[in-house]
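Engineer: Quick note on numbering: my numbering labels position 232 of the sequence shown as 232, and the sequence is numbered without any gaps.
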Amino acid sequence: MRDPYDVLGVSKTASAAEIKSAFRKLAKKYHPDQSKEPKAKERFAEVGSAYEIVGDDTKRKAFDRGEIDAEGKPRAPQFEGFGFGGQPGGGPRDFRNFGFDFGAGGSSTQSGSIDPDILAELFGAGRTRARSQPSRGEDIAVSVAVPLATIAHGGSMRVALPTGKTLDVAVPAGIEEGKSIRLRGQGHAGGRSGPPGDVIVTIRYAAHPLFKVEGRDLRLELPVTLYEAILGARVRAPTLSGEVEVSIAPGANGGRVLRLRGKGLPGGAEQAAGDLLATLRIVLPNVPDAELTALMQKMRDQKPYQPRSGAV
Numbered sequence: 001m002r003d004p005y006d007v008l009g010v011s012k013t014a015s016a017a018e019i020k021s022a023f024r025k026l027a028k029k030y031h032p033d034q035s036k037e038p039k040a041k042e043r044f045a046e047v048g049s050a051y052e053i054v055g056d057d058t059k060r061k062a063f064d065r066g067e068i069d070a071e072g073k074p075r076a077p078q079f080e081g082f083g084f085g086g087q088p089g090g091g092p093r094d095f096r097n098f099g100f101d102f103g104a105g106g107s108s109t110q111s112g113s114i115d116p117d118i119l120a121e122l123f124g125a126g127r128t129r130a131r132s133q134p135s136r137g138e139d140i141a142v143s144v145a146v147p148l149a150t151i152a153h154g155g156s157m158r159v160a161l162p163t164g165k166t167l168d169v170a171v172p173a174g175i176e177e178g179k180s181i182r183l184r185g186q187g188h189a190g191g192r193s194g195p196p197g198d199v200i201v202t203i204r205y206a207a208h209p210l211f212k213v214e215g216r217d218l219r220l221e222l223p224v225t226l227y228e229a230i231l232g233a234r235v236r237a238p239t240l241s242g243e244v245e246v247s248i249a250p251g252a253n254g255g256r257v258l259r260l261r262g263k264g265l266p267g268g269a270e271q272a273a274g275d276l277l278a279t280l281r282i283v284l285p286n287v288p289d290a291e292l293t294a295l296m297q298k299m300r301d302q303k304p305y306q307p308r309s310g311a312v
């Protein structure tokens, strides 16, 4: 096996953090379950073996002193002077602390292994466990655009999953945009008879042709005629619960906001229902009217006024 420092691409003076970082990058690059690199399986094994040596402080020191080789096997003892391994007067070294023993036939065994927490971070706990152990299935995340009427009253939405499966999701009244609904056990199947994952449905508000959402409030532009604005009137205004009648005071200007309390989105246990904020928009007749034009000309000439005072 090659020098473990060369395999990981680090210097012999590299810190433990630098070695760990190098291993993470290479393990992710060559992991057989996801890598498309040539000979990924062999490179992954080589990277793992190298990290077993230099990623372990005790083994790294033993390797640096020349007491074990790149595979973690003890090197043949070198006698210098009267000692063993260059230490005069020294006795045989005890290699048991390095995870090796000398058994029959001179075989050696490694006691160390790659930190499973590192591989769990990189590839998920299920991939680093023994293949015989059950693993939980992956979750499926989807979002669904829900009509405001369903948000107001609650109801059911059919959701199509990436797997092709469809599910009916119960949407509680007043649920906030961005909130998620978890459907347990509806995700991907688990491995080795493990439990399935969940489906996580994130709620989005579908665009509405009349209403704009502001928190729990709804905004609406309410068209009124010129004479309704001047004389005052009672007009019908739409809400998510049907039309209601609202009063317009005489002389109302365009842009005036009428507040219909409680006609917005419903609140929760600790939140009050929102309001409907109707902004008046004065609309002139579609067809030009000679009498109206003459009246406006007379008003311009005899009773002019400045609506933009202070604005320009």
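The C-beta atom is built at its ideal place from N, Cα and C for all residues, glycine as well.
In this text the structure is predicted, and so the values were computed from the model without any measurement.
Would you check if the region 148 to 156 and the region 178 to 198 touch, i.e. whether three or more CB-CB distances between them fall below 8 Å?
Structural biologist: In short, these stretches do not touch, since the Cβ pair count stays below three.
Engineer: Suppose you measure from the CA of Arg-219 to the CA of Glu-245; what does that come to, to the nearest Å?
Structural biologist: Taking the straight line joining both Cα atoms gives about 16 Å.
Engineer: Return the CA-CA distance between Asp-64 and Asp-3, expressed in angstroms with no decimal places.
Structural biologist: Computed Cα separation, rounded: 11 Å.
Engineer: Given a cut-off of 7 Å, decide if Leu-161 and Ile-140 are closer than it, judged by their beta-carbon atoms.
Structural biologist: Yes, they are a contact pair.
Engineer: Just to confirm, are Ala-45 and Met-1 a CB contact at a threshold of 7 Å?
Structural biologist: Cβ distance not < 7 Å, so Ala-45 and Met-1 don't count as in contact.
Engineer: Looking only at its own chain, which residues have a Cβ that is under 6 Å from the Cβ of Thr-150, when we skip the five neighbours before and after it?
Structural biologist: The answer, listed in chain order, is Val-171.
Engineer: Would you kindly check if the distance between the Cβ of Asp-275 and the Cβ of Arg-256 is under 7 Å?
Structural biologist: Going by C-beta atoms, Arg-256 is not nearer than 7 Å to Asp-275.
Engineer: Have a look at Asp-57 and Gly-268 and give me their C-alpha separation to the nearest angstrom.
Structural biologist: When rounded, the distance between both Cα atoms is 56 Å.
Engineer: Just to confirm, are Gly-174 and Asp-217 a CB contact at a threshold of 7 Å?
Structural biologist: Contact flag unset, no.
Engineer: Determine the DSSP secondary structure at Ala-70, reduced to helix, strand or coil.
Structural biologist: Note: Ala-70 maps to coil in three-state DSSP.
Engineer: For the pair the region 185 to 192 and the region 240 to 254, tell me if three or more CB-CB distances fall below 8 Å.
Structural biologist: Too few Cβ pairs lie closer than 8 Å, so no.
Engineer: So what's Leu-240 in DSSP terms, helix, strand or just coil?
Structural biologist: If DSSP states are grouped into helix, strand and coil, Leu-240 belongs with coil.
Engineer: Take the Cβ of Asp-289 as the centre, count every other Cβ of all protein chains shown within 10 Å, and call the residue buried at 16 or more, exposed below.
Structural biologist: Per the 10 Å Cβ criterion, exposed.
Engineer: Opposite Leu-218 in the DSSP bridges: which residues?
Structural biologist: According to DSSP, Leu-218 bridges with Val-213 and Leu-276.
Engineer: On the DSSP bridge list, what partners appear for Asp-168?
Structural biologist: Answer is Arg-158, bridged to Asp-168.
Engineer: For Leu-26, which residues from the same chain have a beta carbon less than 7 Å from its beta carbon, with the 5 sequence-adjacent residues on both sides left out?
Structural biologist: The residues are Leu-8 and Val-47.
Engineer: For my contact list, Leu-280 and Leu-210 are in at a C-beta cut-off of 8 Å; report their separation, rounded to the angstrom.
Structural biologist: Not quite, the Cβ-Cβ distance comes to about 15 Å (not below 8 Å), so this is no contact.
Engineer: Measuring alpha carbon to alpha carbon, tell me which residue in Arg-75, Ala-278 and Val-159 is nearest Pro-238.
Structural biologist: For Pro-238, the nearest C-alpha among the options comes from Ala-278.
Engineer: Taking the alpha carbon of Glu-176 as the point to measure from, which residue in Ala-206, Thr-163 and Ser-193 has its own alpha carbon closest?
Structural biologist: The residue with the shortest Cα to Cα distance from Glu-176 is Ala-206.
Engineer: I need the boundaries of the beta strand (DSSP E) containing Ile-203, first residue and last residue.
Structural biologist: Run containing Ile-203: 199 to 205, per the beta strand (DSSP E) assignment.
Engineer: State yes or no: is the C-beta of Ala-282 within less than 7 Å of the C-beta of Ala-229?
Structural biologist: It is Ile, not Ala, that sits at residue 282 in the sequence shown. A contact, by the Cβ cut-off of 7 Å.
Engineer: DSSP puts Glu-245 in a beta bridge; with which residues?
Structural biologist: Glu-245 is bridged to Arg-236.
Engineer: Ignore the nearest five residues each way along the sequence and tell me which others in Asp-18's own chain have a CB closer than 7 Å to its CB.
Structural biologist: The residue asked about is misnamed: residue 18 is Glu in this sequence, not Asp. These residues qualify, in order along the chain: Val-10.
Engineer: Which residues in the same chain as Ser-35 place their Cβ atom closer than 7 Å to its Cβ, once the five residues preceding and following it in sequence are excluded?
Structural biologist: Within the same chain, Ser-35 has close Cβ partners Lys-29.
Engineer: What residue from Pro-266, Pro-307 and Met-296 has the CA that sits closest to Ser-241's CA?
Structural biologist: Ranking Pro-266, Pro-307 and Met-296 by Cα distance to Ser-241 puts Pro-266 first.
Engineer: Less than 7 Å separating the beta-carbons of Glu-138 and Gly-197?
Structural biologist: Against a cut-off of 7 Å, the Cβ pair of Gly-197 and Glu-138 comes out as a contact.
Engineer: Where does Arg-259 sit, in a helix, a strand or coil, going by DSSP?
Structural biologist: It is a strand residue.
Engineer: Please state whether DSSP places Gly-191 in a helix, a strand or coil.
Structural biologist: Gly-191: strand per DSSP, three-state reduction.
Engineer: In its own chain, which residues sit with a C-beta less than 7 Å from the C-beta of Tyr-5, not counting the 5 before and 5 after it?
Structural biologist: Here the set comprises Ser-11, Lys-12 and Val-54.
Engineer: Classify Arg-43 as buried or exposed, calling it buried when 16 or more other Cβ atoms lie within 10 Å of its own Cβ.
Structural biologist: When all chains shown are included, Arg-43 counts as buried.
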